[in-house]
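In what follows, a single structure is set out as structure tokens and then discussed.
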Amino acid sequence: MPAKKNTAKPRRAVIVGGVRTPFIRAFGPFTQLDTIALGTACVKGLLNQFPVEWKELDSLVWGGTILPGGIAVNIGREIIFDAGLPDTLESYTVTRACTTSMLSTTLAAASIERGDADVIIAGGSDSTSNVEVRMPPTLVHKAAPVVMSAKSTPVDYLKLLTKIHPKNDIVPSRPSIRERTTGELMGESAEKMAGMHGISREDQDAFAVQSHTRAAKALAAGRFSKEIVPVETPGGETVYADNILRGDTSVDKMARLKPAFKEDGTLTAGNSSALTDGASAVLMMSEEKAKALGFTPLAAVTSWSYDAVDPNDQLLIGPAISMPKAAAKAGMTADDIDIFDIHEAFAAQVLCVIKMLGNDEFCQQRLGLDKAFKKLDPQDINLLGGSLAFGHPFAATGTRMISTMANELHESGKQSALLGICAGGALSGAMVLEAV
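Going by my numbering, the first residue of the sequence shown is number 1, and it counts up by one from there.
Structure representation (structure tokens):
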């Protein structure tokens, strides 16, 4: 007997709200807040703004890039405890460099779509200020047998002190964000890409100014008033706003900055995203559950694509591959997309991605397309600014973008947005959101 055809309407995962902490330059007001504290503040802010009975929550999917080694393996679970949520609430933590909270969102969406859950919080947080400063391996090798042994006596510790060399064993190593495989900093890779694609310093500076100007204009218009929640620091200070955004910057001011990654290079502190502390999160539901609980869906998560390239080639070019793939999975062409939003790790990286999205040969060879995906002008993307203006807490950028784009679709009346993010390890991710 033939199986019955499933005529049930497919479940859709929708975003009903999203918030973030202020994004703060590293080693500033958030220095005493680690990634768990930032995530806790964000989740509390989300549930204050979008109150849902705790019994309705199925899971918290959290992301982190700078994980607090030795303190907590599963930071999502610690956020549940610190936020005062039910200890029966399931949680797990994911990490995928700068695409981390995009991944937490799509994992949540997949769980909702297959019927495993109805209500999930997805997000991510990072505290660059609290990156682990490691001691030299020589000290670890000498000290570990004594420190880890339950039988060690004060005499053993005194003997250990005689073996420690002040210069070789005590000076901590500087944390590095170099690629383990290539030894390159991301900025060095972006500098190389700028040379390959003929991206000038002037074009990078102009794009950075555009990011700050658009973000400042949107902020002044109250566009982010629903998205940014205040955070109280251990010192009693309440932080209400980002502190990296510079609405008064100009191309002339950008031109005065010195190259940051190469003596005669084109990348500077101004056209590169800053080291940042922060957290962001979205509240996701099945469309049916949102209706039942009285929430207004802002956007549906329609499709996504995660990809990788050779880190020895173009480390940050991935969005030029992931974005067309995500659109194709949604059954869309570039002409069906109303809004394009690309993570701004570096102005050079964004401009390279735009150039390759509009390059016939690249799209034919890398994607199997007949022609270029879309010829975009820098002015066509990131209508509300991007990471160059807001900052980039690695694991929080994805849900920052998703929340902002979901709100933009809902408020503007536009129908679709395509998001793209490059990531360390030569990874990338992209997502299509559609208005509900």
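Here a beta-carbon is modelled for each residue, glycine too, at the ideal position from N, C-alpha and C. For clarity, every value in this text was computed on a predicted model and none was experimentally measured.
Host beta strand (DSSP E) of residue i (start-end)
{"i": "Val436", "result": "Val436 -> no beta strand (DSSP E), and no H or E assigned at all."}
{"i": "Ser280", "result": "276 to 286"}
{"i": "Ile444", "result": "In this structure the chain extends from 1 to 436, so residue 444 is not present and cannot be described."}
{"i": "Ile199", "result": "No beta strand (DSSP E) holds Ile199; DSSP gives it neither H nor E."}
{"i": "Ser129", "result": "From DSSP, Ser129 is part of no beta strand (DSSP E); its letter is neither H nor E."}
{"i": "Arg400", "result": "Per DSSP, Arg400 belongs to no beta strand (DSSP E); it is in the alpha helix (DSSP H), 397 to 412."}
{"i": "Asp360", "result": "It is not in any beta strand (DSSP E) - Asp360 instead sits in the alpha helix (DSSP H) that spans 360 to 367."}
{"i": "Leu60", "result": "59 to 63"}
{"i": "Phe340", "result": "339 to 342"}
{"i": "Ile421", "result": "416 to 423"}
First and last residue of the uninterrupted alpha helix (DSSP H) at residue i
{"i": "Glu227", "result": "Neither: Glu227 is in no alpha helix (DSSP H) and is coded neither H nor E."}
{"i": "Ile80", "result": "75 to 82"}
{"i": "Leu160", "result": "154 to 163"}
{"i": "Cys42", "result": "35 to 49"}
{"i": "Glu113", "result": "100 to 113"}
{"i": "Val251", "result": "251 to 255"}
{"i": "Ala347", "result": "347 to 357"}
Exposure of residue i, with buried meaning 16 or more beta-carbon neighbours within 10 Å
{"i": "Arg246", "result": "buried"}
{"i": "Asp34", "result": "buried"}
{"i": "Lys355", "result": "buried"}
{"i": "Gly236", "result": "exposed"}
{"i": "Pro86", "result": "exposed"}
{"i": "Ala122", "result": "buried"}
{"i": "Val251", "result": "exposed"}
Contacting residues, own chain, Cβ-Cβ under 6 Å from residue i (five flanking each side not counted)
{"i": "Lys374", "result": "Ala334, Leu357"}
{"i": "Asn74", "result": "Thr93"}
{"i": "Gly386", "result": "Ser211, Glu344"}
{"i": "Pro51", "result": "none"}
{"i": "Asp82", "result": "Thr40"}
Between the CA atoms of residue j and residue i - distance to the nearest angstrom
{"i": "Asp205", "j": "Leu275", "result": "18 Å"}
{"i": "Gln349", "j": "Met193", "result": "7 Å"}
{"i": "Met1", "j": "Asp116", "result": "Annotation note: pLDDT 49 at Met1 (below 50); position unreliable, coordinate value reported separately. Those two C-alpha atoms are separated by around 29 Å."}
{"i": "Gly391", "j": "Phe30", "result": "14 Å"}
{"i": "Ala13", "j": "Pro393", "result": "25 Å"}
{"i": "Thr128", "j": "Ala26", "result": "6 Å"}
{"i": "Ile402", "j": "Glu288", "result": "21 Å"}
{"i": "Ala281", "j": "Gly70", "result": "25 Å"}
{"i": "Arg114", "j": "Pro10", "result": "9 Å"}
{"i": "Gly368", "j": "Ile170", "result": "54 Å"}
{"i": "Ile321", "j": "Asp307", "result": "7 Å"}
{"i": "Tyr157", "j": "Thr138", "result": "16 Å"}
{"i": "Asp380", "j": "Asn407", "result": "18 Å"}
{"i": "Gly429", "j": "Ala292", "result": "32 Å"}
{"i": "Ala395", "j": "Ala97", "result": "7 Å"}
{"i": "Gly183", "j": "Ile112", "result": "40 Å"}
{"i": "Phe295", "j": "Met284", "result": "10 Å"}
{"i": "Gly318", "j": "Asn312", "result": "13 Å"}
{"i": "Gly45", "j": "Thr238", "result": "13 Å"}
{"i": "Pro68", "j": "Glu132", "result": "7 Å"}
{"i": "Lys258", "j": "Ala190", "result": "16 Å"}
Spatial neighbours of residue i in its chain, beta-carbon cut-off 7 Å, leaving aside the 5 residues before and after
{"i": "Arg201", "result": "Thr266"}
{"i": "Ala208", "result": "Met254, Gly270, Asn271, Ala347, Leu388"}
{"i": "Ala216", "result": "Leu245, Gly247"}
{"i": "Phe340", "result": "Leu376, Asp380, Ile381, Leu418"}
{"i": "Lys371", "result": "Asp360, Cys363"}
CB-CB length for residue i against residue j, believed under 8 Å
{"i": "Gly195", "j": "Phe23", "result": "About 30 Å separates the two Cβ atoms, so there is no contact after all."}
{"i": "Val19", "j": "Ala290", "result": "About 17 Å separates the two Cβ atoms, so there is no contact after all."}
{"i": "Gly63", "j": "Leu103", "result": "6 Å"}
{"i": "Thr302", "j": "Ala330", "result": "5 Å"}
{"i": "Leu388", "j": "Glu434", "result": "About 27 Å; that fails the 8 Å criterion."}
{"i": "Gly398", "j": "Gly124", "result": "6 Å"}
{"i": "Glu179", "j": "Leu315", "result": "7 Å"}
{"i": "Asp242", "j": "Ala426", "result": "No, Asp242 and Ala426 are not in contact; Cβ-Cβ is about 29 Å, not under 8 Å."}
{"i": "Ala423", "j": "Thr99", "result": "5 Å"}
{"i": "Asp126", "j": "Ile66", "result": "5 Å"}
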